[in-house]
Amino acid sequence: MEVKHARLAASSSQTSQMPPPRLPEYAFIGRSNVGKSSWINCLVRRKNLAHTSSTPGKTRVINHFLINEAWYLVDLPGYGYAKLSQTERAAFAKLLGSYFSERENLVNVFVLVDSRIPPQASDLEFMGQLGENELPFTILFTKGDKLAPLRLESQVQEYLQALAEQWEPLPPHILTSAVTGMGRETVLAQIEAWNRLFHEPPPR
Ligand code: GTP
Ligand code: MG
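For the sequence shown, the residue numbers in our numbering are 13 to 216.
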């Protein structure tokens with residue numbers, strides 16, 4: 013799939029502000045600094061669709077980008093920000109919770125994890141919640157260019173071994189880099205295949 017058009021369709025602090033759920037959507041989420049904005053910009057080949065660095069502590073919103081007038085790429089606020097207050101953390105957890113329970117057009121969640129670091133509690137907890145809510149997800153290992161290929165492979169295998177304690181079968185995963193574009197075609201081809209299978213949810 014070629015990305016021909018990409019534009020910000022909505023910036024929401026409540027699910028009621030989101031676009032009608034008539035098109036398939038794919039959410040991207042990960043801990044702060046995992047490389048989410050860089051990856052989104054790489055995927056759609058825009059320099060600055062998703063801001064490369066947002067200030068932690070700013071109001072959290074959920075951004076819907078409309079791609080090729082056909083599907084939504086959803087940039088979810090990252091979890092694991094150390095600097096959030098209790099109140100902010102609670103508001104943000106609530107927004108994410110309602111997002112995941114209400115968006116019936118959500119096809120898949122892409123969970124970004126840094127390929128250089130071992131599984132983090134917040135990532136495992138988040139994946140556990142997706143599992144409980146029966147939301148399918150794919151792990152994207154980011155910054156793959158920062159490790160030599162063999163090192164990358166062994167790092168990913170270790171990560172998956174740790175995940176195997178919690179998951180059977182293991183969730184799918186893709187190695188990526190926003191610098192080299194590794195994984196880009198794979199993710200776009202997967203989205204394209206899912207788009208073909210998508211049926212608009214009946215009105216509520
Ligand atoms: P926040 O929005 O601030 O939480 O971060 P983010 O997850 O959006 O990460 P961002 O894209 O801002 O990237 C964080 C840092 O990692 C930046 O310095 C990027 O240049 C760097 N980075 C992101 N992706 C890659 C990658 O694939 N390869 C390399 N080498 N660096 C990357
Ligand atoms: Mg960012």
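Yeah, the Cβ is synthetic: ideal placement off N, Cα and C, and Gly gets one too.
- request: Flag K48 as yes when its Cβ comes closer than 7 Å to any non-hydrogen atom of ligand 4, and as no otherwise.
  value: The ligand content of the structure shown is limited to ligand 1 and ligand 2, which means ligand 4 is not among them.
- request: From the DSSP output, in three-state form, read off R163 for me.
  value: helix
message: Mapping the DSSP letters down to three states, classify S24 as helix, strand or coil.
response: strand
- prompt: Would you report the Cα separation of L152 and K48, rounded to the nearest angstrom?
  reply: 10 Å
field: Whole-number beta carbon distance between C54 and R196, since they are thought to touch under 8 Å
entry: 6 Å
task: Indicate the three-state DSSP secondary structure (helix, strand or coil) for G42 in the structure shown.
output: strand
message: DSSP has V125 in a bridge; who is on the other side?
response: F153
field: K39 CB to nearest heavy atom of ligand 2 below 7 Å
entry: The sequence shown places Ala at residue 39, rather than the Lys named in the question. Flag unset: Cβ of A39 not near ligand 2.
Cα-Cα separation between G156 and T188, rounded to whole angstroms: 6 Å
- prompt: Is it buried or exposed for N75, if we count other Cβ within 10 angstroms and need 16 for buried?
  reply: buried
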